[in-house]
Structures are given as structure tokens and as C-alpha cells.
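First comes the structure, then the notes that go with it.
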DNA sequence: TAAACCTTGACACGACCGTGGTAAGGTTGT
DNA sequence: ACAACCTTACCACGGTCGTGTCAAGGTTTA
């Protein structure tokens with residue numbers, strides 16, 4: 052059993068051959084090659100291309116998005132860094148260095164005292 | 052204790068005020084507002100803006116990338132779908148419908164039989 | 001050997017990203 | 001009251017994404 056050429060694969064998956072190459076370059080769906088360098092699309096790749104298409108459509112994400120998700124998957128350090136940042140939702144003002152605190156405190160404390168006349172005083176909690 | 056205005060925050064974080072608004076619109080760093088609608092940057096937001104800057108620089112990711120990571124975090128269904136797709140690296144050709152298998156088999160079997168003369172026969176395993 | 005494929009590389013082009021600027025109008029501080 | 005802020009809403013502009021097409025050259029097949 053063997054595989055389809057790129058244009059045949061394009062036909063049965065709904066992608067254009069141009070996009071098939073583009074998708075490969077982005078690392079999302081790679082194929083084995085024949086001896087002479089032709090891409091060979093087997094059932095596995097065809098399936099993957101179809102589900103990829105469904106994924107993009109259903110969630111309205113872009114190829115670049117999925118490419119980035121792939122990068123996250125392959126680079127645990129990056130993934131950890133980003134997740135840490137995301138989960139550290141604005142909080143604990145105590146963790147801020149005293150120096151920079153002073154810089155604005157100093158400049159603002161007069162008018163801020165005055166501002167406290169207002170009832171509404173928004174704090175650090177966001178969304 | 053209160054917060055910095057947008058231009059002050061821009062100065063101490065290295066972002067431009069324009070970008071601060073852009074970052075807010077992308078959902079990455081939101082701030083509370085004063086009664087009259089002014090953005091108020093407290094130590095928490097300042098910290099977040101600085102670490103965001105470091106994150107982008109260190110890993111060479113874009114704001115859109117982090118924005119997408121945020122979306123992944125907030126939409127577990129999307130996250131699951133993408134992770135499933137990513138981890139389902141090309142495999143199990145058996146899962147492909149018989150019908151489409153036939154469509155090319157039929158058209159190709161003659162020349163494929165002939166192609167089997169070649170030693171190299173790439174299979175579904177990728178990367 | 002000629003037609004019909006395949007390959008990579010380039011040009012093109014509309015849409016959006018990252019960024020700056022400006023305009024029109026409200027708020028704050030002196 | 002006036003300067004110096006802030007707000008949102010636009011225009012602009014180079015860069016990249018997604019996509020097509022074309023050129024120059026190798027492969028397969030009839």
C-alpha cells in the first residue's frame with residue numbers, strides 16, 4: 052500500500068497543494084518523501100489534514116495559533132513561563148520592590164489623600 | 052495607597068501608553084479605572100507589565116501568542132481539542148474509511164505495483 | 001521524447017498585527 | 001481658567017499570515 056501525491060491529497064482534504072506545503076513548513080503535518088523527493092500522503096496524513104481543517108473551522112483559530120500550540124508542546128520551558136505569567140493574575144502588591152513604590156508614592160500622596168474623598172476606590176483585583 | 056496614570060506607568064515599564072491600551076484590549080493586563088474612567092496602574096499591574104515584556108523578549112513570542120495562550124487557558128474545550136490533535140501524531144491508517152482508500156487504490160494500483168521495485172518505502176511514521 | 005506530474009523559490013496581494021500619531025472631548029491641578 | 005493630563009476613535013504604515021501563481025528544473029509514464 053502506498054500514498055497520494057500532493058495534488059491528490061489536496062483534492063481529498065480540501066486544502067490546496069500550496070497550503071499543504073505551507074502546513075508542512077509550519078511543522079503541523081509533515082510527510083515522508085519518495086526517493087526522488089516527492090511528498091507522500093498516506094491515510095494518516097490525510098486524516099490529520101482533515102481534522103486540522105475541522106479544528107480551525109470549529110474554533111476559529113489560525114494555523115499560526117496551532118503552530119504556537121505546537122511550540123508550547125515542544126518547549127516545556129516556554130510553556131511553563133507563559134503559564135506562570137498567566138496564572139499570576141495581578142495580586143500581592145507587597146511583592147513589589149520598595150524603591151519603585153516610593154517613587155510614585157512620593158509624587159502622588161498629596162493628591163491621593165484628597166482623592167479619597169471619592170467613595171469608589173478601585174483596587175488591584177482585576178476581572 | 053493608589054496608582055499611576057497611564058503615561059507614568061508607560062515610563063516605568065518601558066511600554067508606550069499606546070501599547071498599554073493595546074495590551075489591555077488584548078486582555079493581557081487590565082487595570083481598574085478611576086471614577087472618571089482613567090486607568091489606574093498599581094504595583095501589581097506594573098509588575099505584570101514588566102514580566103510580560105521580559106517574557107516576550109526572552110522567548111521571542113508575540114503579544115498575539117500570549118493572547119492565544121490566554122485563550123487556551125480560558126477555554127478548556129479549545130485547549131483539549133488542540134492538545135488532542137497535536138498528540139495524535141500521524142498513526143493508525145486503519146482508522147481511515149474504506150471508501151476513500153479505494154478511490155486512489157483503484158486509480159493507482161498498477162503503477163504502485165511497479166513502484167515497489169524501489170527499496171525505499173516510506174511509511175506513516177513522521178519525525 | 002513529450003506530457004504531466006513533482007520540487008523549491010520568488011513575486012503579489014489583501015488582511016491583520018504592532019506601533020505611532022492626531023483629533024475631539026472630558027478631568028484634574030494650580 | 002488654563003495647562004496638562006486623561007479618554008475613545010480614527011488614519012497610517014511597515015511587517016507577517018494565508019493564499020495564489022509563475023518560473024526553472026527534475027521525475028514518471030505512456
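Chains as they are written, first to last, in the numbering used here: chain A, 52 to 178; chain B, 52 to 178.
Don't be surprised by glycine CBs; every beta carbon is placed ideally from N, CA and C.
All values derive from a computational prediction rather than experimental measurement.
Query                                                                                                                                                                                     : Result
Taking buried to mean at least 16 other C-beta atoms within 10 Å of its own C-beta, is residue 138/B buried or exposed?                                                                   : exposed
For a contact meaning CB atoms closer than 9 angstroms, what does residue 29/B contact in chain A?                                                                                        : As shown, chain B starts at 52 and ends at 178. That puts residue 29/B outside it, with no answer to give.
Who are residue 92/B's beta bridge partners in DSSP?                                                                                                                                      : 55/B
Using only the alpha-carbon positions, how far apart do residue 117/B and residue 105/A sit?                                                                                              : 23 angstroms
Out of 140/A, 119/A and 97/A, state which residue places its alpha-carbon closest to the alpha-carbon of residue 63/A.                                                                    : 97/A
Pull up the DSSP beta-bridge partners for residue 84/A, would you.                                                                                                                        : 90/A
Which value, in whole angstroms, describes the spacing of the CA atoms of residue 68/A and residue 91/A?                                                                                  : 12 angstroms
Less than 7 angstroms between C-beta atoms, sequence neighbours within five positions excluded: which residues of the same chain meet that for residue 80/B?                              : 74, 96, 99, 100 and 103
So, under 8 angstroms CB-CB, residue 110/B and residue 132/A are touching, yes? Tell me the CB distance rounded to an integer number of Å.                                                : 7 angstroms
Within the same chain, show all residues whose beta-carbon is closer than 7 angstroms to that of residue 108/A, passing over the 5 residues directly before and after it, in chain order. : none
In chain order, what residues of the same chain have a beta carbon less than 7 angstroms from the beta carbon of residue 34/B, not counting five sequence neighbours either side?         : Here chain B covers residues 52 to 178 and nothing more, so residue 34/B does not appear.
In this structure, does DSSP put residue 78/A in helix, strand or coil?                                                                                                                   : coil
Would residue 78/A be called buried (16 or more neighbouring beta carbons within 10 Å of its own) or exposed?                                                                             : exposed
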